[in-house]
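Numbering-wise, this note's numbering puts 72 at position 71 of the sequence shown, and it's gapless, one number per residue. Where is the CB? At the ideal position from N, CA and C, for every residue including glycine. What follows is one structure encoded as structure tokens, with my remarks underneath.
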Amino acid sequence: QVQLVESGGGLVQPGGSLRLSCTISQSIFSMHSMGWYRQPPGKSRELVASKPLTGSSIYAASVQGRFTISRDHAKNTIYLQMNNLKDDDTAVYYCNAKHSDTDYWGQGTQVTVSS
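Put into structure tokens, the structure is as follows:
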């Protein structure tokens with residue numbers, strides 16, 4: 002059973018920064034890709050950033066240049082560094098891992114951007 006455990010959400014003012022972490026219960030190399038999705042209030046879940054095992058990372062246009070996805074193989078952990086946060090970034094953020102046709106999800110962590 003694959004488990005993803007997220008941490009790092011919270012309340013931050015506009016222009017501030019947060020870093021989300023997601024640790025997977027098995028080798029990160031067993032997944033074709035890992036990434037972050039978010040679900041704003043009243044809206045559908047959307048891709049934020051994805052990092053395939055090989056190749057370039059993918060970012061939503063709305064976060065390009067502000068968010069950075071990275072991973073630490075030794076810790077089986079991925080990160081999402083979020084800078085210059087805006088009100089529209091308020092959402093529940095979910096960690097995702099993909100293997101073949103299967104998606105695995107974390108429990109979600111709330112990020113609230115508000116003054």
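Cβ-Cβ distances below 8 Å link residue 27 to 3, 77 in the same chain, with the five nearest sequence neighbours on each side left out; the list follows chain order. Residue 107 counts as buried, since at least 16 other C-beta atoms from the protein chains shown sit within 10 angstroms of its C-beta. Boundaries of the beta strand (DSSP E) harbouring residue 70: 68-73, taken from the DSSP string. Under the three-state reduction of DSSP output, residue 52 falls in the strand class. Residue environment analysis places residue 85 among the exposed positions, since fewer than 16 neighbouring C-beta atoms fall within 10 angstroms of its C-beta.
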